[in-house]
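Trainee:
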C-alpha cells in the first residue's frame, strides 16, 4: 500500500497540463502510478451514525486510454484486472477533467431488516451520473440516472443536490457503481444519509440559504431604490452585482436548475458560463464608478473597461464555444480580477479616498473565499464540509461591506457639501470684516471680495437650481420662475403660457434599452427643447421623471401651440443617440395660457396644462392639445 502523501502528490500532478514536466514526474514514481488493489473496504449501512462521508471508502478508475463498460466492471469483481485506485483524501476532486470516471463502493447490511439510505452527491452541476446497484454475484438490482442534463422532475429524488435513494436487504453485501461525466470541474463529494437525518439537515440548510439569498436580494433592491433617488450609477451596478452573485450561488448549489430552468436543457447545462462573466462584469463596473477611476486613474479605467468588455464577449460566446473551455477561462479570470480589485482599492485608499477602505476589506474577504473555491475546482485543494460555505459567507460579507462603502461615500459627499457651505459662510464673514475695516480707504479690495462672495453664492444657487442628469433647470427653479412670471403678468395684465411635455412610452424605452440609453434620451430631449426656444425670457426645466415644463411670458394660446409644435416636431425628427440612429421617441404636449386674476394662484395654470397633457395622451400621444379647443397635430 502506498503512503498517504503519494496519493496527495499524484492528485496534484493530475491537475498540471500535459508536457515534459509531467512525464518526468511520472517517471520518478516507482511502479504503476494509478494501480490499486481492492482491500475489501466495506461500509456497513446498519452501524453508521446519522450520516457518513464516503469519499475515503471509494475506489475509482479513469477512462483515459481504455473504455470500461459496466460488464467489464462486473467481470472484474472476480478477476481483479481493472486498475482501481483507492481514494485517500476526504473528498474526490480531479480539477477540470472531461474524461469519464467510474467510482465503486462496497456496502453491507448487518441488520436483520432491509435498510433504506440516501446517497447525496454535493456537486449538482455534474453533467451525468449513472448509478448501478449490483449484488455480490453480479446481478444488477437497481439503476438510476441524474445530473444537470436531467430535469429536476425526472431525477430519482427531487432535490437541489444529486440524491440517489437505495435499499440494502438484510445481511446482503452489494457493490455500488457510479459512472460520472462532466465538462466542468469533476468533484465527487459523496455522503451516505439516513432519511430522517437528511430531512433534518435539509431544513437547517434551507434556512441558511434562505437567509443568505434574502440578504443579497434586500441589498440589491435597496440600492436600486437609492439609485432611483440619487441617479448614482455605482448604486445600480452594485444592485446588479448583488443579484447576479445571488444567481451564481443559487446555481452552484442546484437551486436554479431545480426551480427556475428545470425544463431548459441548454440553460441548465451552461448557466455558469453565463452567470460568472456577468457577475464579474457588474463587479468591474461597480468598482470603476465607486472608485471614480475615470478621473483619478484613466489608464486603469480603460483597463477595467477592457476586462468588462471581455466578460460580455464570454457571455456572447456561450452559445458557440464549448462549455469545458469557457468554464476554465471563467474560473481562471476570477482570482486575478478579485486581486486586481484589492490593488486598485489600495491605490485609491493610499491617495486619500477614504471610502476605498471598506472596498478593500470587502474584496479581501471575497478573494479569500473565491480563491479557495476556484483552486478546489482545479483540484488543488480538497473539498470539506466547511469549505462548501466559504463562498456564501464571503459573498455576504462582501455585499454588506460594499453597502458600508456606499454609505461611507455618501457621508463623505454630504460632508464635502457641508464644508462648501461652511466655506461660503466663512467667505461671507471675511468679506464683511474686510468691508468694515477698509471701507474708507480700500474700496477696490472690498469690491473684489464682494465679487468673490457673489461668485460663490451664484455657484451654490446654480447647484440648487440645476438638474444633475440633463443639465437644464430643475423643479425648484421652475416653481420660483413660474411664480415670478405669474406676478409680473398679473401686474401688467398680460398673458402667460405654460407647456407641459411628456416623453411617450418612456418606461417601455427604459425597460427595452436600459437606463443608460434612457438617461441619454432625457438629456437629448432636454437639449432639443432648450434649442427650440428663441427668446431669452422663455425658460425650460425638468418637471419630474420624463416630464419637462416650458414657461412662455407674454405669449397667448396660439403662440404657445406654435412653440409646442416646433418642439414636438424637433423631437420626432431628431436622432437622439448618434451611435444608434434608429432609436427615436416622441412627446405629448399640453398647452395652457391665461391672464392671471388677483385671486388665482400660479398653480391654476399648471393644472390646466396638466389637463391638456392628459388629453394629448388620450388622443394617441405625439400631439399637442389644449383644453376646450383643437390644436394641430
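Residue numbers (the numbering used here): 2 to 634.
Just so it is clear, CB atoms sit at the ideal spot from N, CA and C, and this is done for glycine as well.
As the structure is a computational prediction, the values presented were derived from the model and not from experiment.
Straight-line CA distance for residue 372 to residue 227?
Mentor: 32 Å
Trainee: Report the residue from 523, 527, 326, 359 whose alpha carbon sits nearest the alpha carbon of residue 99.
Mentor: 326
Trainee: For residue 282, write down the residues that DSSP places opposite it in a beta bridge.
Mentor: BP columns for residue 282 are empty, so no partner.
Trainee: Nearest to residue 501 by CA position, among 254, 43, 479, 122, is which residue?
Mentor: 479
Trainee: What residue range is occupied by the uninterrupted beta strand (DSSP E) comprising residue 545?
Mentor: 540-545
Trainee: Cutting at 6 Å between CB atoms, please list the residues of its own chain near residue 129, excluding the five before and the five after it.
Mentor: 148, 150, 182
Trainee: In its own chain, which residues sit with a C-beta less than 6 Å from the C-beta of residue 203, not counting the 5 before and 5 after it?
Mentor: none
Trainee: Just the Cα atoms here: how many angstroms apart are residue 340 and residue 289?
Mentor: 15 Å
Trainee: Within this structure, are the beta carbons of residue 118 and residue 167 separated by less than 8 Å?
Mentor: yes
Trainee: Under the criterion of a Cβ to heavy atom distance below 7 Å, does residue 42 qualify as lining the ligand MG?
Mentor: In terms of ligand content, the structure shown is empty, and the ligand MG therefore cannot be addressed.
Trainee: Taking just the CA atoms, how far does residue 626 sit from residue 496?
Mentor: Taking the straight line joining both Cα atoms gives about 18 Å.
Trainee: Do residue 552 and residue 540 have their C-beta atoms within less than 8 Å of each other?
Mentor: yes
Trainee: Of the choices 628, 619, 623, 624, whose alpha-carbon is the least far from that of residue 610?
Mentor: 628
Trainee: DSSP beta-bridge partners for residue 186?
Mentor: 97
Trainee: Can you tell me which of 172, 116, 87, 177 puts its alpha carbon nearest to the alpha carbon of residue 131?
Mentor: 177
Trainee: Should the segment 566-581 be called in touch with the segment 462-474, which here means at least 3 C-beta pairs below 8 Å?
Mentor: no
Trainee: Report yes if the C-beta distance between residue 191 and residue 120 is below 8 Å; otherwise report no.
Mentor: yes
Trainee: Under 6 Å Cβ to Cβ from residue 631, same chain only, skipping five residues before and after it: list those, please.
Mentor: Residue placement at residue 631 is poorly supported in this model, since its pLDDT is 43, which falls under 50; the coordinates still yield a value, given next. Hits under 6 Å: none found.
Trainee: Please report the straight-line C-alpha distance between residue 454 and residue 425, rounded to a whole angstrom.
Mentor: 7 Å
Trainee: Out of 270, 194, 360, 114, state which residue places its alpha-carbon closest to the alpha-carbon of residue 323.
Mentor: Nearest of 270, 194, 360, 114 to residue 323, Cα basis: 270.
Trainee: Expressed to the nearest angstrom, what Euclidean distance is found between the alpha-carbon atoms of residue 493 and residue 499?
Mentor: 18 Å
Trainee: Answer with buried or exposed for residue 209, where buried requires no fewer than 16 other C-beta atoms within 10 angstroms of its C-beta.
Mentor: exposed
Trainee: In the DSSP assignment, find the alpha helix (DSSP H) that holds residue 52 and state where it starts and stops.
Mentor: Boundaries around residue 52 are those of the beta strand (DSSP E), 52-54, since no alpha helix (DSSP H) includes it.
Trainee: Please state the DSSP three-state secondary structure of residue 240.
Mentor: helix
Trainee: Given residue 438, which residues of its chain have a CB within under 8 Å of its CB, disregarding the five upstream and five downstream residues?
Mentor: none
Trainee: For residue 559 and residue 473, what's the separation of their Cα atoms in angstroms?
Mentor: 26 Å
Trainee: Within its chain, find whatever has a CB closer than 7 Å to the CB of residue 161; leave out the 5 residues flanking it on each side and keep chain order.
Mentor: By the criterion of a C-beta distance shorter than 7 Å, residue 161 is surrounded in its chain by 125, 254, 255, 256, 259, once the five residues flanking it on both sides are discounted.
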